[in-house]
């Protein structure tokens, strides 16, 4: 019997002790088989806990805890064995003994030893083993939490592992700095450490810190040195990770940097050499993502320092082009303020570099500035209008300091306007903050003094000691009485005339909750549930927030594992589209082909388009209660399905129902059911069908998608969606143009190697023949019939495609009133 079988079949304390002793000797002589033996011991550890004494069990803990003289290969083998044992355990199984072993391993110096030793160049085999160790270490915490169903000790163990990994990364970086300082030959190999922070970037050390944030804080806390700068830039920018992972790392670094010196240390002059860093700094955190005021200024300072005047001009022009569009105006308040703040910072830096060149740039693009102001002023929201005005005022200040535009702003938005104006004029923020603190303290002291005087004055007034008609110079009593009169007038019914409040924007608040809330799940849940209702009730701002709401919902993460999260998002997006189909349907359809949209969300968008089209068409099924299956087979028309469903009803129930309806008389002033059905069944989708379908038929997409290659399922889903939408647009004025566009789009796919693509081509011909008039169909149908007959008679074709092609051929011939039997039989 092999040693592994003996370990698995040991069920008595004496047998277990003997087997473990033999295993220790076997591991010393054959270390290459350590993983299998350790995995068997780890899987059997739950039974060892109940059978062995504390002294005997300590041997198992020492075996997995490592020792001071253990080698790197042994440390890697132990963690791999523990990971294999935990991964093979079913969910809900008691794994506390395994978690205890992982805890002991984390407390040892094993992780620190492996990571700190990885900076020395090694052979390919050892390097591959170190990368496997990093993969195991990064996925083990989530695996433990998932199998233990979120137990407390699993969470604590995962954080202990993350803390050990952080210490290992720090020790490795210190060792790399020491090697550079001593000038050792060979340099440093930071590939393993870079892989560690890339794969384990989300490992949580505590409630506030992750592995990545702890590493960045450590790099920024070191003394300024060109050696540390070289190490940091090699770690963050020269890694072998994918472009997507590299962007995620750089985004996390940008959110941690609060000063220009931080960027200079971590990124240096890589902005002009790294396309990924340039995209993160000049596109993502300018247009797509937001930062607070301090981090925004630090980012613009770094771009100015590393990129120069031309990069500042590119950012300013990009922002102007976005702000001068209706989609840019409809952005959320947080995004809009961030974009204006970046524009102001860029303009200030340009003006400090070269005032004449800056003025020439703004004069050249002044029409864009005026268009931005005009679009913002047209909106009903006060904040939106004031943002447009402040942009025009600031740009006119940069063009001509003496004769520039000046506007008046409301008290509510005065703070942000003053901040932007001071930054545009070049005033230093540090002085502003000091003055602001002094003013706040002075106001607080004056308020306390006024409160004391106010109490004394009221007392004097009650006792009559001080007369109101005195001729002295003290007018405090008169001012106080005037205040009382104003207050009593407000209480007496003049409050609405005295103070007018802007209408509350619940929709903006709900969108802000779901976009930013990460701790209070009840706010996230309430905001998500309210969006559909607010858009259907046409709350304040519903016609301006459609694009930003759709973008937020598309990229929304289920942070709290809410029940029915996907269905709620689906219904909310449908409500948004139904409210403004002409403007929002093309935007949503084009979003399918964007770069940063996950594949799952692309399928969600197709489901939203279909559900919105059903609701607009006035069908009985407006919005489905469950998510549409993205891989749903192409179904027949509704009429056929309706007949099949009615046939399932028993005959006697139908007879009774008809008799009851015939003998029931209703008396009411309400409109009849027939009139109601006629009114609700109006097909509003027919007028906007081209807005839904034509954007789906794009022939050119970015390099990130290969619709005829690896992304064939997405192509099939998009074309199936177009077919389903076309059947709902039967009475559309542009139905002929849409149908012929669909047939032209599938023409190049007629003989594709994938059966699903050929099936959707037949489905497209079926949908087109359903909506076209007989005259147009007679002219266009010849190549369609030839293709369907070729699929129908191809012996190597799939059964579904052949059957569907047969139905499509019969449908076309019947609609043309031809004798379909002879042509079909002749082939």
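Residue numbers (my numbering): 2 to 828. The beta-carbon is built from N, C-alpha and C at its ideal position, and this holds for glycine as well.
Measuring C-alpha to C-alpha distances from residue 216 to each of 267, 183, 150 and 180 identifies 267 as the nearest. In the three-state DSSP reduction, residue 211 falls in the strand class (E or B).
If you draw a 10 Å sphere on the C-beta of residue 196, you find 16 or more other C-beta atoms in it, and that means buried. When beta bridges are read from the DSSP output, residue 205 appears opposite 211. In this structure, the CA atom of residue 169 is about 6 Å from the CA atom of residue 117. From the listed residues 811, 239, 340 and 324, the smallest Cα separation to residue 297 is found for 340. Straight through space, the alpha carbons of residue 102 and residue 528 are spaced by roughly 43 Å. Rounded to the nearest angstrom, the Cβ distance from residue 159 to residue 200 is 15 Å, too far for a contact under 8 Å. Straight through space, the alpha carbons of residue 754 and residue 816 are spaced by roughly 31 Å. Rounded to whole angstroms, residue 722 and residue 716 show a C-alpha spacing of 10 Å. For residue 546, the secondary structure class from DSSP, reduced to helix, strand or coil, is coil. Boundaries of the alpha helix (DSSP H) harbouring residue 568: 566 to 580, taken from the DSSP string.
Straight-line spacing of the CA atoms in residue 251 and residue 573 works out to 33 Å.
Linking residue 663 to residue 657 through their CA atoms gives a straight-line distance of about 10 Å. Burial of residue 303 is indicated by the presence of at least 16 other C-beta atoms within 10 angstroms of its C-beta. A direct Cα-Cα distance of roughly 13 Å separates residue 115 from residue 162.
Secondary structure of residue 73 (DSSP, three-state): helix. Residue 258 carries a coil assignment under DSSP once its states are collapsed to helix, strand and coil. In this structure, the straight-line span from the alpha carbon of residue 224 to that of residue 611 is close to 59 Å.
In the structure shown, the three-state DSSP call for residue 98 is helix.
As for any alpha helix (DSSP H) of minimum length 4 sitting wholly inside the segment 85 to 170, the runs are 97 to 108, 111 to 118 and 125 to 148, ordered along the chain. Using a C-beta cut-off of 8 Å, the segment 318 to 327 makes contact with the segment 369 to 377, since at least three inter-stretch Cβ pairs fall below that distance. In this structure, residue 508 sits near residue 535, with a CB-CB distance shorter than 8 Å.
Linking residue 698 to residue 99 through their CA atoms gives a straight-line distance of about 54 Å. Restricting attention to alpha helix (DSSP H) runs no shorter than 4 residues, the segment 692 to 758 encloses them at 713 to 729 and 736 to 747, ordered along the chain. Comparing alpha-carbon positions, the option among 591, 585, 515 and 125 lying closest to residue 570 turns out to be 515. If the five residues before and after residue 705 are omitted, its C-beta is found closer than 6 Å to the C-beta atoms of 596, all from its own chain and listed in chain order.
Residue 615 is classed as buried because its beta carbon has at least 16 other beta carbons within 10 Å across all chains shown. Rounded to the nearest whole angstrom, the CA to CA distance from residue 219 to residue 213 is 10 Å. Closest by C-alpha distance to residue 751, out of 737, 769, 792 and 781, is 792. Under the three-pair Cβ rule at 8 Å, the segment 717 to 736 counts as touching the segment 598 to 613. Distances from the CA of residue 710 to each of 810, 692, 739 and 757 were compared; the closest alpha carbon is that of 757. In this structure the segment 725 to 737 lies against the segment 684 to 701, because at least three pairs of beta carbons, one per stretch, are closer than 8 Å.
By the Cβ-count criterion, residue 359 is buried, with 16 or more other Cβ atoms from all chains shown falling within 10 Å of its own Cβ.
In this structure, the straight-line span from the alpha carbon of residue 165 to that of residue 132 is close to 17 Å.
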